[in-house]
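Chains A, B and C, in that order, give the protein sequences. Be aware that the first sequence starts at 0, since it is given in my numbering, and climbs by one per residue. Be aware that the second sequence starts at 67, since it is given in my numbering, and climbs by one per residue. Be aware that the third sequence starts at 157, since it is given in my numbering, and climbs by one per residue. Backbone N, C-alpha and C define an ideal beta-carbon position, used for all residues, glycine too.
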Amino acid sequence: MAGLTLPTPLLRMLPIAGVILFWWAMASSGAVRPFLLPSPIVVAERILADVASGTVFVNVGYTLYRALTGFAIAAAIGTTIGLLMVVSRTAKWFFDPIVSVGYPMPKISLLPIFILWFGLDDASKIAMIAAGCIFVITANAYAGASGVERQFVWSAQMLGASRLRVLTDVVLPAATPQILTGYQIAIPVSLIITLVTEMIMGGDGLGGQLLIASRYANSPAVFASIVEIAIAGAIVVNGMRLLRRKLLHWHEENAVSTD
Amino acid sequence: MTKAIEIENLEFSYATSDGGRVLALTNIDLSIESGEFVSILGPSGCGKSTLLYLMGGFISYENGRILSHGNQVTGPGPDRGIVFQQFALFPWRTVLRNVTYGLEKQGVAKAARIERAMRLIKEVGLSGFENSYPSQLSGGMRQRAAIARTLAVDPDILLMDEPFGALDAQTRGVMQEQLLRIWDATGKTIVFVTHDVREAVYLSQRVVMMSKRPGTIKEIVQTNFDKANDVEADEQFNRAVSYVSSQVRSEYASMEAS
Amino acid sequence: MARQNSLAKTSIDVFKKYSPLLILALLWEFCSRTGLVSQYALPPLTDVLASFRWLTTDTAFFTHAGMSLGRAGLGLLLAVTFGIVMGTLMASFRSVDALVGPLVQTLYPMPKSALIPLTIMWFGLGHSSKIFLIFLGCLLPITIATYNGVKGVDRVLMWSGASLGASRLQRIIDISFMAAQPAILAGLRTSLALSFVLLVSSELVMSNEGLGFLIRMLGDGGLYAEMFAVILTVVAMGFVSDRLIQLLTARVLRWRD
């Protein structure tokens, strides 16, 4: 097909650049109040100021600390429960309805309960984050472990492995891709919940920063915070993706095509 | 009378994911008369399915010409019906609504559509299953539904891409007989792609043998002799099968060697 | 006689399946009533359920519930409409994909809840900000689900349609869209859950109506049994709506094996 042969990454940037250009045009034209749509240049200046003063890094630090702590707790408990559900029929019977009711519900509605129990500090935030992530992680861990092909298990048993060894040497590695999928879904969720808890409870962290900006009706700061949050989110998501690629280098999904 | 299919000097290559180009077909010259039953046979990767898709207009070509009844092929159309190995029935439609699809597109009135479709469904032996979904049918039944669907728009030419490849041996035999009956009754031109030598020799009047990639027409063998019911004992049939098989084998051998 | 038995059997199966929840409920009641856990932090379940009486008569409970559902519903409806169209166009026309694709990919990983203060800045505390937020939040997942569904359509289905005389547009509607339905419905299910999350989040952050607002108000006022009751309502809504989507999916996809 005859046509432009620009290098593809460049081509993909064009629509984004177009949108930013359109944004700048709208802001400069005066058609929209600067309060509602500050110029991208003003927003960029604010971002640079945040970077220079270091405040954004401090806030990113708080947010990531809470998000990852909550995530880690959810990962530890959730993975264990998910695997337990595969080995123990009682565990499956007990946790199944809990997961199926808990999964589709908006966990954030439990935040007032956590605040009641743990106060207005990090504890309630982290508890909330953990509660928000645990269902996804459990469901995926269960799916991964229960989906391990019987032939793998039988081969191991035939070769003389004990029940525990089968679990650790066969089921766990085979279930890892799905378990990691659960983690990959949970990480952005942990970030989102952290932001919302920070917005509701105020204070520091990226969510708190965003809330304060909006309370002061400082729209360049609001836009700047959103961009900073987006970048932080992208870094975390991509980091998780790279980690998955590294851990699963042996898996088919990363096989180089031999066609 | 214009020929059903005329291919002149066709060459076809496609781009690969790493930017290279693969020559799939080269130097293809082929004429198919109206009402003929022709098989296209060849080793895997020789491009026989690609050739069929080009005839059907599903893939576009740049070098050479493909004419159907004198008109250049520029895209798919109801004059060239296609039947795929994977049946390609619309799984969300019942058998009846699959068969009426082409008629729907032609704007035929509902009652007339259903009447024509039910007749075809009866002809292919699927009466009683018109309200079933494809997922409820066996492989052979799905293929019959697919054939009925294609016949509904009354194409002059039937392009068939290894249509019985996914069926078990018994069902395949039954379907082959049914196909011959349909051909007898309708007189359509049939272009039949297969890798099964016996099937090719049994069904068709001519067997077009293709070389390994880049595919070209190696030889065309006449198989338009009387084929008795008990084909196993037929000397002429077996000789033809022998010959064609040896030709195909030699292509495979040269594929190994290179 | 046989039907009676199977109905009894299904009821027993359902009971067995959900009995752990009953056990948790009993545990809750026990721990709270006996004072194992402070009644202040965990009001007894029976008190919580009893508070529904007052809630539904004295406060504008149904109004708040209706507003919340309405906001979520409208936002989701807009997201579904635009998302399906956009996803289908992107998957069917390379020019649209080139134009819109990079935008979708860049915006997708952004946590939509970060937009809460922005939508409030733009639309104030009322309905529009929540509807817009939910619309934005659910738009991309549905677009991507539709896109993947349409892209994944087997080409032999499209080719069959073409050879049966269907035009480009007809193929998109008759074949692409239909074949993408499983993916679209899966996307709808996750978007439904997401719409609830965004709704409650935004109502907890800043609102003066809706169930999220009611929860905050009750909590601020120290009416914890009532607060638990409204939270349970939200939980129930999430569960029921998810079940409904599953039923819808089963009905629409009854052609599957």
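Asked                                                                                                                                                                                         : Found
Checking contacts by CB at 9 Å: is S319(C) closer than that to chain B?                                                                                                                       : yes
Determine the extent of the alpha helix (DSSP H) in which R65(A) is found, giving its start and end residues.                                                                                 : 54-86
For G147(B), which residues does DSSP report across the bridge?                                                                                                                               : L224(B)
In the DSSP assignment, the alpha helix (DSSP H) including T244(C) goes from what residue to what residue?                                                                                    : 217-248
So, helix, strand or coil for S363(C), using DSSP?                                                                                                                                            : coil
Near A1(A), which residues of its chain fall below 7 Å by C-beta distance, leaving aside the five closest residues on each side in sequence?                                                  : Low local confidence applies: a pLDDT of 37 at A1(A) is under 50, so the model's placement there is unreliable, with the coordinate-based value given in what follows. Correct list: empty, nothing qualifies.
Apart from the five residues on each side of it in sequence, which residues of its chain come closer than 7 Å, Cβ to Cβ, to D258(A)?                                                          : Note that D258(A) has pLDDT 44, beneath the 50 cutoff, so the model's placement of it is unreliable and no number is given.
Which residues of the segment 187-219 of chain B have a Cβ closer than 9 Å to any Cβ of chain C? Give them in chain order.                                                                    : Y199, P200, S201, Q202, A212, R215, T216, A218, V219
Closest by CA to D330(C), which one among L313(C), R345(C), D376(C), L183(C)?                                                                                                                 : L313(C)
Could you work out which residue in D413(C), F333(C), V236(C), G377(C) is closest to S248(C) when comparing CA atoms only?                                                                    : F333(C)
Using a threshold of 9 Å, state whether the C-beta atoms of T252(B) and E228(B) are closer than that.                                                                                         : no
Just to make sure I have the definition right: I need the residues of chain B whose C-beta is within less than 7 Å of the C-beta of D413(C). Which are they?                                  : S201
Specify whether the segment 128-147 of chain A and the segment 76-91 of chain A touch according to this definition: at least 3 beta carbon pairs, one from each stretch, less than 8 Å apart. : yes
Would you call the CB atoms of F70(A) and Y215(A) closer than 9 Å?                                                                                                                            : no
Between E196(B) and M184(B), is the Cβ-Cβ spacing less than 9 Å?                                                                                                                              : yes
Determine the closest residue to T237(B) out of R215(B), M207(B), S134(B), V257(B), with distance taken between C-alpha atoms.                                                                : M207(B)
Would DSSP call Q138(B) helix, strand or coil?                                                                                                                                                : strand
Between the Cα of G101(B) and those of V287(B), D250(B), Y119(B), G205(B), spot the shortest distance and give me the residue it belongs to.                                                  : D250(B)
Give the residues of chain A in contact with A197(C), contact being defined as C-beta atoms less than 7 Å apart.                                                                              : L115, W116
What does A81(B) pair with, by DSSP beta-bridge criteria?                                                                                                                                     : R87(B)
Candidates S99(A), I112(A), I114(A): which alpha carbon is nearest F134(A)'s?                                                                                                                 : S99(A)
Can you tell which of L63(A), R240(A), L115(A) has its C-alpha closest to the C-alpha of G377(C)?                                                                                             : L115(A)
In or out: Q209(B) buried (at least 16 other Cβ within 10 Å) or exposed?                                                                                                                      : buried
Give the DSSP-derived three-state secondary structure of V219(B) in the structure shown.                                                                                                      : coil
Just to check my reading of the structure: G108(B) and M275(B) have Cβ atoms closer than 8 Å, yes? What is that Cβ distance to the nearest angstrom?                                          : 6 Å
Interface residues of chain C around Q302(B) at Cβ under 7 Å?                                                                                                                                 : Those within 7 Å of Q302(B) in chain C number zero; the least Cβ separation is about 36 Å.
In chain order, what are the residue ranges of uninterrupted alpha helix (DSSP H) at least 4 long that sit wholly in the segment 141-220 of chain A?                                          : 149-157, 171-200, 204-214
Which residues bound the beta strand (DSSP E) around Q271(B)?                                                                                                                                 : Neither: Q271(B) is in no beta strand (DSSP E) and is coded neither H nor E.
Excluding five sequence neighbours on each side, which residues of the same chain lie with their C-beta closer than 7 Å to the C-beta of F279(C)?                                             : S285, F288
Does any CB atom of chain C fall closer than 9 Å to the CB of G69(A)?                                                                                                                         : no
Report yes or no: is there a C-beta of chain C within less than 9 Å of the C-beta of R159(B)?                                                                                                 : yes
Going along chain A in order, which residues have a C-beta closer than 8 Å to the C-beta of L177(C)?                                                                                          : P96, I97, V100
I'd like to know if R182(B) contacts chain C, where contact means its C-beta is closer than 9 Å to some C-beta of that chain.                                                                 : no
Would you list, in chain order, the members of the segment 104-133 of chain A that have their beta-carbon closer than 7 Å to a beta-carbon of chain C?                                        : M104, P105, I107, S108, L109, L110, P111, I112, L115, W116
Can you tell me which residues form a DSSP beta bridge with I283(B)?                                                                                                                          : M276(B)
Answer with buried or exposed for I234(A), where buried requires no fewer than 16 other C-beta atoms within 10 angstroms of its C-beta.                                                       : exposed
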